[in-house]
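In order, the protein sequence lines correspond to chains A, B and C.
Positions in the first sequence are counted from 1; adding 7 to them yields our numbering.
Positions in the second sequence are counted from 1; adding 7 to them yields our numbering.
Positions in the third sequence are counted from 1; adding 7 to them yields our numbering.
See structure below.
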Amino acid sequence: MFRSEINAGLLKSSVDTVSVLVDECKVRLDEEGLSIKAVDPANVGMVELDIPAESFESYEADDELLGLNLVRFEDIVGMANKGDTIVMELDEETRKLTIRIDGLRYTLSLIDPDSIHQEPNVPDLDLPGDIDVAGRELRRGVKAAGMVSDHMAFGVSEQSSDGASTGSTDVSDDGTFYMRAEGDTDDVRVDLGEDDLISLDTGGEEAESLFSLDYLDSMAKAIPNDAAVAVEVGDDYPVKMNFELAGGDAHVTYLLAPRIENE
Amino acid sequence: MFRSEINAGLLKSSVDTVSVLVDECKVRLDEEGLSIKAVDPANVGMVELDIPAESFESYEADDELLGLNLVRFEDIVGMANKGDTIVMELDEETRKLTIRIDGLRYTLSLIDPDSIHQEPNVPDLDLPGDIDVAGRELRRGVKAAGMVSDHMAFGVSEQSSDGASTGSTDVSDDGTFYMRAEGDTDDVRVDLGEDDLISLDTGGEEAESLFSLDYLDSMAKAIPNDAAVAVEVGDDYPVKMNFELAGGDAHVTYLLAPRIENE
Amino acid sequence: MFRSEINAGLLKSSVDTVSVLVDECKVRLDEEGLSIKAVDPANVGMVELDIPAESFESYEADDELLGLNLVRFEDIVGMANKGDTIVMELDEETRKLTIRIDGLRYTLSLIDPDSIHQEPNVPDLDLPGDIDVAGRELRRGVKAAGMVSDHMAFGVSEQSSDGASTGSTDVSDDGTFYMRAEGDTDDVRVDLGEDDLISLDTGGEEAESLFSLDYLDSMAKAIPNDAAVAVEVGDDYPVKMNFELAGGDAHVTYLLAPRIENE
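Have a look at this one:
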């Protein structure tokens with residue numbers, strides 16, 4: 008059994024974080040809330056989304072596992088205005104999901120969950136670099152990198168990079184979080200010191216990992232500009248990005264496998 | 008002879024209601040005003056547009072029948088800002104229409120009216136269902152239906168549909184106007200009770216007709232969000248939609264033939 | 008050596024005036040400032056851009072000649088917000104240009120200037136017609152002409168054209184600057200009298216020249232709406248358009264060769 012009411016803006020931004028990676032997913036429901044774990048078909052990018060029961064306007068659910076067509080679901084949710092309430096109800100006989108938005112009723116067929124790619128286990132990693140950065144800074148670095156290459160590095164350094172700072176930005180000696188990309192002729196580099204970040208802990212190490220811009224670009228688009236993103240970076244390790252939506256109403260974790268450079 | 012001045016916004020929204028159905032049309036002018044009747048090449052959708060003489064800023068016309076290239080005419084009118092005055096004058100010698108917009112003069116060749124599809128006779132229908140609904144509600148139903156099918160039904164029912172109402176909407180016992188579409192796997196339904204409509208008269212009957220979404224979508228785009236649309240619905244009958252532009256300065260009637268479902 | 012700081016909005020609008028004509032160009036630097044002269048591959052349209060040293064927030068340069076990929080450079084400048092400061096510095100060893108925008112550092116490879124099309128000599132012309140007109144009026148005439156043809160005429164006339172004025176516009180006897188285009192069936196004409204222009208001097212002659220709309224359209228897009236454009240027109244002569252960006256911080260001259268009509 009599942010019946011809930013939720014703010015349309017929260018549901019939309021939540022679904023977006025998953026749909027940038029996969030077209031269909033398993034949705035787990037229980038009395039704690041709604042959760043989704045998904046990995047893209049190439050096993051490179053993972054997402055974990057949690058919307059706790061108390062973030063809904065109303066919520067009742069027994070343990071359920073639903074198979075959701077995200078493309079279709081996004082279209083439906085897109086019919087709502089930001090402030091609308093979306094009512095979702097599972098018809099247990101037909102196994103269809105009824106979605107109501109202000110007088111509009113959409114009956115959505117669910118997918119057999121067994122036909123959907125298995126849910127990933129998001130690994131626990133203990134990575135040296137630990138940075139809190141604004142969503143807009145990440146987006147900017149990713150966008151700039153896209154001008155010169157199809158992959159980019161995230162890294163932490165104990166020293167500020169020589170000449171990397173503009174006259175107006177003081178990069179402190181406490182280290183730097185950087186994003187950089189090397190193209191055939193041109194390079195891009197963003198150095199963010201303590202003053203540009205919400206918090207910075209380099210772990211006292213130099214660490215850098217390389218990632219596909221395809222994935223980073225998709226993920227960055229789903230991260231709100233004003234989110235505080237907790238980025239964990241290692242040396243040739245996956246990157247982990249944690250953030251919240253709508254002031255804490257939903258929790259999202261991205262994990263992206265590194266691209267190992269062929270030398 | 009024909010010479011007139013008209014508000015650009017009024018002329019633009021008027022022309023749009025016709026151009027969604029046809030690329031060229033006959034324009035009738037007489038001392039009463041300007042009128043257009045047109046039917047699309049497949050004879051499925053009709054439009055009737057009237058702009059009375061008093062809706063113009065100035066208006067003088069003898070009986071004239073002009074053949075108008077609407078694609079070209081829309082481009083010209085699109086050069087004006089909403090508050091501009093558009094001056095149109097027929098050059099009787101050259102049979103060209105001079106259109107002036109703030110220092111810009113466009114000389115438009117007219118089409119031989121005999122080469123244009125005949126004007127339709129918009130039939131008088133006495134349909135049971137009689138609903139006044141906001142343009143934005145129609146648009147919304149049409150847009151939602153487009154997610155699951157290429158055709159949709161308009162109908163009236165004496166009872167509110169079971170489970171069709173959300174918790175927040177009280178559908179009264181006085182009946183419902185509904186829009187619905189059935190896809191291969193998913194369904195969409197919008198139920199509008201007395202409280203959601205400007206007025207509702209089901210005629211004491213159940214009636215439903217099916218229409219092509221191609222046409223409904225085009226027509227809905229030309230209906231202003233804030234227009235009160237008088238919808239007349241029957242059982243496997245055409246639908247008639249009457250509305251006004253710019254607070255009554257122009258009158259529009261759409262008539263759309265039903266699509267008979269093959270069983 | 009070259010090191011400068013400049014407002015992003017000024018740099019962006021300056022670069023746009025050149026990039027509408029060419030994809031790469033030579034940039035001359037000296038203590039007076041930055042200047043670019045370029046002509047399109049067909050030798051039809053020329054541009055001359057000057058940003059004096061005092062328009063920069065800071066500026067230091069020895070005589071330098073740089074080869075710039077404008078497509079790439081525009082993308083980089085596009086990363087900045089309008090109010091940002093862009094820092095450019097030439098690395099004399101690597102001959103690369105470092106561009107810094109608020110924490111972002113882009114290292115741009117320069118092109119060998121010798122591989123770039125030679126800089127044109129913008130000729131001194133003494134043309135009869137001398138008009139100061141708002142950028143938005145030019146754009147409007149060019150856009151309207153595009154509806155009927157792929158070329159258009161600029162001209163000056165001592166008399167106001169018969170019937171060219173609307174009821175609301177008084178074209179004085181002091182002459183007219185006009186833009187006109189003749190299509191296969193339709194014509195467009197914009198007549199601007201003294202009251203519609205910032206200043207008008209017809210030189211006491213009738214003069215008209217025909218131009219390619221491809222070029223005029225590109226140039227018009229790079230002219231700010233609120234710029235006062237000094238247009239010099241002759242009889243089957245090039246047209247010269249001078250204007251300033253950002254209230255005088257940069258000076259631009261366009262020169263466009265006439266298209267001689269085959270009779």
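The beta-carbon is built from N, C-alpha and C at its ideal position, and this holds for glycine as well.
{"Query": "Thinking just about the alpha-carbon of each residue, which of A:142, A:181, A:99 and A:72 is nearest to the one in residue 123 of chain A?", "Result": "A:72"}
{"Query": "Is the region 230-244 of chain B in contact with the region 59-76 of chain C, if contact means three or more CB pairs nearer than 8 Å?", "Result": "no"}
{"Query": "Taking CB distances under 8 Å as the criterion, tell me whether residue 150 of chain A reaches chain C.", "Result": "yes"}
{"Query": "Between the region 182-194 of chain B and the region 146-159 of chain B, are three or more C-beta pairs nearer than 8 Å?", "Result": "yes"}
{"Query": "For residue 27 of chain B, tell me which candidate among B:50, B:77, B:205 and B:212 has the shortest Cα-Cα distance.", "Result": "B:77"}
{"Query": "What separation, rounded to the nearest whole angstrom, lies between the Cα atoms of residue 91 of chain A and residue 110 of chain A?", "Result": "11 Å"}
{"Query": "Would you tell me roughly how many angstroms separate the C-alpha atoms of residue 141 of chain A and residue 133 of chain C, rounded to the nearest one?", "Result": "58 Å"}
{"Query": "How should residue 130 of chain C be labelled, buried or exposed, when 16 other C-beta atoms within 10 angstroms of its C-beta is the threshold for buried?", "Result": "exposed"}
{"Query": "Looking only at its own chain, which residues have a Cβ that is under 6 Å from the Cβ of residue 116 of chain B, when we skip the five neighbours before and after it?", "Result": "103"}
{"Query": "In angstroms, rounded to a whole number, what distance separates the CA positions of residue 48 of chain A and residue 265 of chain A?", "Result": "16 Å"}
{"Query": "To be precise: take each residue of the region 107-119 of chain C, compare its Cβ to all Cβ atoms of chain A, and keep it if any distance is under 9 Å. Which residues remain?", "Result": "107, 108, 109, 110, 111, 112, 113, 114, 115 and 116"}
{"Query": "So, at 6 Å on beta carbons, what are the nonlocal neighbours of residue 205 of chain B in its own chain, with the 5 sequence-adjacent residues on each side left out?", "Result": "139 and 235"}
{"Query": "Taking only the alpha-carbon atoms, compute the straight-line gap between residue 69 of chain A and residue 262 of chain A and give it to the nearest angstrom.", "Result": "29 Å"}
{"Query": "What whole-angstrom Cβ distance do residue 237 of chain A and residue 162 of chain A have, given they're in contact under 8 Å?", "Result": "With 8 Å as the limit, residue 237 of chain A and residue 162 of chain A do not qualify as a contact, their Cβ atoms being about 16 Å apart."}
{"Query": "Can you name, in chain order, every residue of its own chain whose Cβ lies under 7 Å from the Cβ of residue 113 of chain C, other than the five neighbours on each side?", "Result": "83 and 106"}
{"Query": "Closer than 8 Å, CB to CB, is residue 174 of chain B near chain C or not?", "Result": "For residue 174 of chain B, the predicted structure reports a pLDDT of 42, less than 50, and the residue's modelled location is therefore unreliable. A value from the coordinates is still provided. No, because no Cβ of chain C sits closer than 8 Å to the Cβ of residue 174 of chain B."}
{"Query": "Under 8 Å, do residue 257 of chain C and residue 21 of chain C count as touching if we go by C-beta distance?", "Result": "yes"}
{"Query": "Any idea what DSSP makes of residue 184 of chain B, helix, strand or coil?", "Result": "strand"}
{"Query": "Compare the Cα-Cα distances from residue 101 of chain A to each of A:224, A:8 and A:30 and report the closest residue.", "Result": "A:8"}
{"Query": "How would you label residue 99 of chain A, buried or exposed, when you count the other beta carbons within 10 angstroms and need 16 or more for buried?", "Result": "exposed"}
{"Query": "Name the two residues that bound the continuous beta strand (DSSP E) containing residue 250 of chain B.", "Result": "246-252"}
{"Query": "Could you please give the first and the last residue of the uninterrupted beta strand (DSSP E) stretch that includes residue 159 of chain A?", "Result": "158-164"}
{"Query": "In this structure, what does DSSP give as the bridge partners for residue 117 of chain A?", "Result": "Paired residues: none, contrary to the question."}
{"Query": "Taking the beta carbon of residue 267 of chain A as the centre, do at least 16 other beta carbons fall within 10 Å, making it buried, or is it exposed?", "Result": "exposed"}
{"Query": "What number of angstroms, rounded off, separates the C-alpha of residue 171 of chain C from the C-alpha of residue 74 of chain B?", "Result": "With a pLDDT of only 44 at residue 171 of chain C, under 50, the local geometry of the prediction cannot be trusted, and no value is derived from it."}
{"Query": "Under a Cβ-count criterion, where at least 16 other Cβ atoms within 10 Å of its own Cβ denotes burial, should residue 38 of chain C be classed as buried or exposed?", "Result": "exposed"}
{"Query": "Per DSSP, which residues does residue 21 of chain A bridge with? Please list them.", "Result": "Paired residues: none, contrary to the question."}
{"Query": "Bridge partners for residue 105 of chain A per DSSP, in chain order?", "Result": "A:96 and A:114"}
{"Query": "Between which residues of its own chain and residue 188 of chain B is the CB-CB distance below 6 Å, once the five residues before and five after are set aside?", "Result": "152, 155, 156, 159 and 195"}
{"Query": "If you drop the 5 nearest sequence neighbours on each side, which residues of the same chain put their C-beta closer than 7 Å to that of residue 89 of chain C?", "Result": "15 and 16"}
{"Query": "If the cut is a Cβ gap below 8 Å, which residues of chain B does residue 91 of chain A touch?", "Result": "Near residue 91 of chain A there are no residues of chain B at all, since even the closest Cβ is about 10 Å away, more than 8 Å."}
{"Query": "Kindly indicate which three-state DSSP category residue 9 of chain C falls into: helix, strand or coil?", "Result": "strand"}
{"Query": "Answer yes or no: does any C-beta atom of chain A fall closer than 8 Å to that of residue 154 of chain B?", "Result": "yes"}
{"Query": "Please confirm whether residue 139 of chain A has its beta-carbon closer than 8 Å to some beta-carbon of chain C.", "Result": "no"}
{"Query": "Starting from residue 53 of chain C, follow the beta strand (DSSP E) in both directions and report where the run begins and ends.", "Result": "52-59"}
{"Query": "Rounding to the nearest angstrom, what Cα-Cα distance links residue 81 of chain C and residue 183 of chain A in this structure?", "Result": "28 Å"}
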